[in-house]
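Chemist: Got a structure for you, written out below as structure tokens; questions coming shortly.
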Amino acid sequence: MRIAVFITCLTDTLFPQAGRATVRVLERLGHELVFPEDQTCCGQMHLNTGYRDEGIALARRFERVFAGAEVVVSPSASCTAMVREHCSPEVASRVFELSELLVERLGVEDVGAHYPHRVTYHPTCHGLRGLRLGDAPLRLLRAVHGIELVELAQAEECCGFGGTFAVKNADVSAAMLEDKMRHVLDTGAEVCTAGDASCLMHIGGGLSRAARPVRTVHLAEILASTAEEPFA
Amino acid sequence: MSGWSFPDAAREALRDQQLRANLTNATRSIRAKRAAAVAEVPDWDALRDAGAAIKEHTLRHLDTYLEQFERAVQERGGTVHWARDGAEANSIVVDVARRHGASEVVKVKSLATDEIELNEALAAAGIAAIETDLAELIVQLDHDSPSHILVPAIHRNRREIREIFLRELDVDELSDEPAALAEAARLHLRRKFLEARVAVSGANFGVADTGTIAVFESEGNGRMCLTLPEVLVTVMGIEKLVPTWRDLEVFLQLLPRSSTAERMNPYTSCWSGVREGDGPSEFHVVLLDNGRTAALRDQVGRQTLRCIRCSACLNVCPVYERVGGHAYGSVYPGPIGAILTPQLRGVEEAGSLPYASSLCGACAEVCPVKIDIPEVLVHLRGEAVARKRMLDPERATMKAMALAFSTRARYEAAQRIGRTGQRLPGVERLPGPLRAWTASRDLPEVPKQTFREWWRERA
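Read top to bottom, the protein sequences are chains P and Y. Position in the first sequence (from 1) plus 1 gives the number in the numbering used here. Position in the second sequence (from 1) plus 1000 gives the number in the numbering used here.
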């Protein structure tokens, strides 16, 4: 299948490894990946902050850039949810978050990954409640060889990122983060994973500030890792 | 609310560790109970659809149903008053109480009367309003204000309640056992019920075709207020109507499970006008607008008026759980307050409230009348942005970013500038409004190569 990558501005700029991992997993499964280079941002930050005109203009731009794509994959549940809600159904119906594409659309659970680490999974709000991914990411993780998956308490609760919320209501955001970090640390995991680089940036930033030895790793990076070529 | 802002109020509330502990315990417990109560109903989602549809239909034809309700109440011997705002409603209630020479009125827990600050208006007229709901009584005795729609004293634990009772009630000895605390309140209230000539209530629902008013409660204090005094005054928001008696059936299922996680609430009182020898001999209903008509005009915002005040959205909200109800600066806290208060008072008054959410969506999942709270939050943020000055720094930044995202060339140039920027000394802490990020979180290191640079290089 020919799959276009919707990288998202955040992953492109700050977490390119999650994008590279997405490409590696899907190529390993025999798909052809393309990258429409005119893409910038889907408009989520503007729209959710109240800058509707700017957000919608960027959503329209997204529709034009991805008009010719047969299937689009994104390493972000949040940006996929934005596109699904605000772009035309013709385009929106062809955009999938990575775990959704793999499990629901391609019917794959075991992507041939090997990741010998203790990992806990945080379901992000837009994946859980926006896209209703259900246990698709967990099914992928359970099929990873060598992984030790540990359950996160209060997993379904928001980590406190929320885009500009993290800045506009920084104190509440930090209080929510504090609880999320405590639950992550309680699992004794070496790695906290999720399907959104934005939430991981927030959780990882907090863990790093608190000098905690837990790494945040995007789901795609775990799926990309093999015994021969560890990714993250 | 001038000078007030949610982030400031929230920061203050977050300092109170006892408050956070009380709230976490209480909301976690209610949350789990609600989930279990809802899971028992096989057609829960269809019930939510029905609740939403009934409310939506009523709001669309509210003018017709209000007049029908008015006629039905009058036919059954009640008096209907129309109040544009809180001041009008308060003066109507004060007049009725004065006419009967009342120095005290007993009250059934009512958000509408809290919204219009009726107790303060009565006090100014020399009339004491006695709250008879246990939690409302606790809050009133403590000269405090409610912090939750359904559990007004959720921010207090039983040791704190014992201290309030010892200080304010005529008791010498008291344990902090719930039964002992309830007994102390019961003895205090019993005398009030028997003495009062006038009672004031709110309404959970008004039925348009019969002029019936329904109050759902747990403690029985409402039943006392609604039946013992000679005069009853009900203050009801105009959005509380349902068209027919039969429509109540849907809400009799939706409301208790969503709010107290009960299959059925212990007391449901319904009355239509007056009846000789049974209950009050004089009945007034005050139909309160107070900003509701303005909310009804807003195509996105009007769904807020479907709210049946169950408080399920408060109990699942991660923001409410940490800051409590007082931080919302209104009798309507939590997610519903963040969308209702700006609509009732105007976005210019409460523009920071729509931002009091991470848009996590937990509220919309539990709402029994399917209010898309995140959608309304985002819509109201748009209203707040529209009122910003041209030179507002946030507005300028967002405009500049929109420009950077508008073409590939500008976007890639911005990526390069960002990378250089972080290499500058001292950028471990961000400047300006972004400083808030680095107060509790480290910044990710900007990678040497963007994804697109990698893609081009590998091609």
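The beta-carbon is built from N, C-alpha and C at its ideal position, and this holds for glycine as well. Everything numeric in this text was worked out from a predicted model, so none of it was measured.
What are the complete beta strand (DSSP E) segments, minimum 3 residues, inside the region 1244–1283 of chain Y?
Modeler: 1267–1272
Chemist: Where do the ends of the alpha helix (DSSP H) carrying Y:M1401 lie?
Modeler: P1393 to A1404
Chemist: Is any beta-carbon of chain P found at less than 8 Å from that of Y:L1014?
Modeler: yes
Chemist: Which value, in whole angstroms, describes the spacing of the CA atoms of Y:R1435 and Y:L1150?
Modeler: Each residue's alpha carbon lies about 37 Å from the other.
Chemist: Within 8 Å (strictly less), CB to CB, does P:P17 reach chain Y?
Modeler: yes
Chemist: Any chance you could list the alpha helix (DSSP H) runs of at least 4 consecutive residues sitting entirely within the region 1284–1313 of chain Y, in chain order?
Modeler: If only uninterrupted alpha helix (DSSP H) runs of at least 4 residues are considered, those enclosed by the region 1284–1313 of chain Y are 1292–1297.
Chemist: If you reduce the DSSP assignment to three classes, tell me which class Y:T1407 lands in.
Modeler: In the structure shown, the three-state DSSP call for Y:T1407 is coil.
Chemist: Could you spell out the range, first to last residue, of the alpha helix (DSSP H) harbouring Y:S1103?
Modeler: For Y:S1103, there is no enclosing alpha helix (DSSP H), since its DSSP letter is neither H nor E.
Chemist: Using 10 angstroms around the beta-carbon of Y:E1457, count the other beta-carbons present and answer buried if the total reaches 16, otherwise exposed.
Modeler: exposed
Chemist: Quick one: which residues of the region 182–215 of chain P get their C-beta closer than 8 Å to a C-beta of chain Y? List them in chain order.
Modeler: M202, H203, G205, G206, G207, S209 and R210
Chemist: Considering only DSSP beta bridges, list what P:F97 is partnered with.
Modeler: P:V74
Chemist: So for P:E86, helix, strand or coil by DSSP?
Modeler: helix
Chemist: For Y:T1234, which three-state DSSP category applies?
Modeler: strand
Chemist: Alpha carbon to alpha carbon, how far is Y:A1035 from Y:Q1343?
Modeler: 30 Å
Chemist: Within 10 angstroms of the Cβ of Y:M1224, are there 16 or more other Cβ atoms? Answer buried if so, exposed if not.
Modeler: buried
Chemist: Given 8 Å as the limit, is there contact between the region 1282–1290 of chain Y and the region 1077–1094 of chain Y, that is, 3 or more CB pairs closer than that?
Modeler: Enough Cβ pairs lie closer than 8 Å, so yes.
Chemist: Roughly how many whole angstroms lie between the Cα atoms of Y:L1226 and Y:R1060?
Modeler: 31 Å
Chemist: Establish whether the CB of P:G131 and some CB of chain Y are separated by less than 8 Å.
Modeler: yes
Chemist: Which runs of the beta strand (DSSP E), 3 residues or longer, sit entirely within the region 146–173 of chain P?
Modeler: Listed in chain order, they are 149–151.
Chemist: Could you give the C-beta distance for Y:Q1074 and Y:A1208, rounded to a whole number, given that I count them as a contact under 8 Å?
Modeler: Going by Cβ atoms, the distance from Y:Q1074 to Y:A1208 rounds to 13 Å, so no, they are not a contact pair.
Chemist: Inspect the beta-carbon positions of P:S199 and P:S100 and report whether they are closer than 8 Å.
Modeler: no
Chemist: At the level of alpha carbons, what is the spacing between P:E230 and P:A5?
Modeler: In a straight line, the C-alpha of P:E230 is about 24 Å away from that of P:A5.
Chemist: Could you check what DSSP says for Y:L1443 in three-state terms: helix, strand or coil?
Modeler: coil
Chemist: Between which two residues does the alpha helix (DSSP H) harbouring Y:T1331 extend?
Modeler: Rather than Thr, the amino acid found at residue 1331 of chain Y in this sequence is Val. Note, Y:V1331: premise wrong, no alpha helix (DSSP H); not H, not E.
Chemist: Does the Cβ-Cβ distance between P:T227 and P:G113 come in under 8 Å?
Modeler: yes
Chemist: Look up Y:H1081 in the DSSP assignment and say whether it is helix, strand or coil.
Modeler: Strand, per DSSP.
Chemist: So does the region 54–66 of chain P actually touch the region 38–46 of chain P, counting three or more Cβ pairs closer than 8 Å?
Modeler: yes
Chemist: At the 8 Å Cβ level, is Y:D1298 part of the contact set with chain P, yes or no?
Modeler: Y:D1298 has a beta carbon lying at 8 Å or more from every beta carbon in chain P.
Chemist: Of the choices Y:A1097, Y:E1394, Y:S1218 and Y:G1337, whose alpha-carbon is the least far from that of Y:R1197?
Modeler: Y:A1097
Chemist: When you compare the CB positions of Y:I1130 and Y:R1156, do they come within less than 8 Å of one another, or not?
Modeler: no
Chemist: Taking the CB atoms as reference points, tell me whether P:L208 and P:T217 lie closer together than 8 Å.
Modeler: yes
Chemist: Quickly, what does DSSP pair P:C193 with across the bridge? List them, please.
Modeler: P:T121 and P:T217
Chemist: Under the three-state reduction of DSSP, which class applies to Y:I1092: helix, strand or coil?
Modeler: helix
Chemist: So that I know if they touch, is there some Cβ in chain P lying closer than 8 Å to that of Y:M1398?
Modeler: For Y:M1398, at least one C-beta of chain P is nearer than 8 Å to its own C-beta.
Chemist: If contacts are defined as beta-carbon pairs under 8 Å, then Y:A1087 and Y:L1134 qualify, I think. What distance do you get, rounded to the angstrom?
Modeler: Not a contact, Cβ separation roughly 30 Å.
Chemist: Residues of chain P with CB under 8 Å from Y:W1437, in chain order?
Modeler: A167, V168, A171 and G206
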